[in-house]
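One structure is given below, encoded as structure tokens.
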DNA sequence: TAACTACTTTATAATGATTCTAAAAAAGTG
DNA sequence: CACTTTTTTAGAATCATTATAAAGTAGTTA
Ligand SMILES: [Mn+2]
Ligand SMILES: [Mn+2]
Ligand SMILES: [Zn+2]
Ligand SMILES: [Zn+2]
């Protein structure tokens, strides 16, 4: 019930599928990173019903547009998303192929000295690659 | 002729195709960013011969493995490469969908305060997204 | 509730970047 | 020139993602 308002306020109808996806994404103890494929498995396990893959894609993109999810840029054939939408950075473990959060305080302040005429900074993201 | 040694020293046979791709990539006045698709067009225009798409992929990946190219992580359906292999960061212009180099000196020093046990830092990359 | 409209879900097909395959060609070696 | 190994190539396969279009659902108004 707790996500109905949230969806309505975003102009998204609170459908059964969207509410189920909300549960999986936002009722977790901790925030987490995922690909669509991983999320699909998680949904199947947690909720005991099938949601069409197209709906999962649609919903994730809708949630991203509304700012409830972030897309994490790493070189992968699959897109990674993050339920942690706070301003933060990432470790990427090249061996385990896993993302790890770096809170903003874990990285010293970042100073972008160069300016581009007529453009403004929307975000600053740091990706730290790790290896054994 | 000037790339024959470079390729041999890397254990890559200096074939006609590899030498032509070297010319396009490394004889340019400035370093540049590209996707495989963009590179294919560039090759067709500059060199007047066709190189199989599979060969372009093979060669680019071979060059990347040898450290002659860098892969740039941005969220795109296509992989971006960089002929500038120096340690540097990027602006990504969301409107023009173009990468712009940020030399290391354009960004203050970055301090990663968090450590992960048994892992060492391989690289630190900053992506600054720009909008109008 | 019924009727109506707009939005959503779904199975399935299409797309498109990338990788694979296996045969022909080229390079290196002696 | 043989002979081996690597490379190129066209075309097929893969697979994440997006498009399609028909059926279902939500919201609204009577
Ligand atoms: Mn997307
Ligand atoms: Mn690659
Ligand atoms: Zn994160
Ligand atoms: Zn660059």
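Residue numbers (my numbering), protein chains in the order written: chain A, 65 to 196; chain B, 65 to 196.
Note that CB positions come from ideal geometry on N, CA and C, so glycine has one too.
Values in this document were obtained by computation on a predicted structure and should not be read as measured data.
- For the stretch 97-157 of chain A, the continuous beta strand (DSSP E) assignments of 3+ residues that do not extend past its boundaries occur at 134-136, 144-146 and 153-157, in sequence order.
- For residue 191 (chain B), the nearest CB of chain A lies under 8 Å from its own CB, placing it at the interface with that chain.
- Relative to residue 194 (chain B), the option among B:179, B:162 and B:174 whose CA is nearest is B:162.
- In the structure shown, residue 89 (chain B) falls within a helical segment according to DSSP collapsed to helix, strand and coil.
- When C-beta atoms of the stretch 148-156 of chain B are compared with those of the stretch 105-115 of chain B, fewer than three pairs fall below 8 Å, so the two segments do not count as touching.
- Residue 91 (chain B) has its alpha-carbon roughly 36 Å from the corresponding atom of residue 144 (chain A).
- By the C-beta density criterion, residue 137 (chain A) is buried, having at least 16 other C-beta atoms within 10 angstroms.
- Taking 7 Å as the cut-off, one finds no heavy atom of ligand 3 near enough to the beta carbon of residue 168 (chain A).
- Annotation for residue 69 (chain A): the continuous alpha helix (DSSP H) segment containing it runs 68-73.
- Three or more Cβ pairs closer than 8 Å define a contact, and the stretch 170-183 of chain A falls short of that threshold against the stretch 68-81 of chain B.
- In this structure, the straight-line span from the alpha carbon of residue 97 (chain A) to that of residue 186 (chain A) is close to 21 Å.
- Of all residues in the stretch 100-115 of chain B, none is placed with a Cβ closer than 7 Å to any Cβ belonging to chain A.
- Counting the other Cβ atoms within 10 Å of the Cβ of residue 79 (chain A) gives fewer than 16, which makes it exposed.
- Beta-bridge partners assigned by DSSP to residue 185 (chain B): A:194.
- Each of B:160, B:154 and B:133 was checked against the Cα of residue 171 (chain B), and the nearest Cα belongs to B:154.
- In this structure, residue 124 (chain B) sits away from residue 84 (chain B), with a CB-CB distance that is not shorter than 8 Å.
- Residue contact check for residue 85 (chain A) against chain B: no CB pair falls below 8 Å.
- Any Cβ of chain B closer than 8 Å to the Cβ of residue 188 (chain A) would place that residue at the interface, and such an atom is present.
- Residue contact check for residue 135 (chain B) against chain A: a CB pair falls below 8 Å.
- Beyond the five residues adjoining it in sequence on each side, residue 133 (chain B) comes within less than 8 Å, by CB distance, of 89, 124, 127, 145, 146, 147 and 149 in the same chain, given in chain order.
- By the CB criterion at 8 Å, residue 135 (chain B) and residue 139 (chain A) fall inside the cutoff.
- DSSP links residue 176 (chain B) through a beta bridge to A:171.
- Across the set A:167, A:112, A:113 and A:67, the C-alpha of A:167 shows the shortest separation from the C-alpha of residue 192 (chain A).
- Within the same chain, and ignoring the five residues on either side of residue 165 (chain A) in sequence, the residues whose Cβ sits closer than 7 Å to its Cβ are 148, 152 and 154.
- When Cβ-Cβ separations below 8 Å define contact, residue 90 (chain A) makes no contact with chain B.
- Annotation for residue 133 (chain B) indicates a beta carbon at 7 Å or more from all heavy atoms of ligand 4.
- When B:131, B:71, B:86 and B:67 are compared, the shortest CA-CA separation from residue 110 (chain B) is found for B:86.
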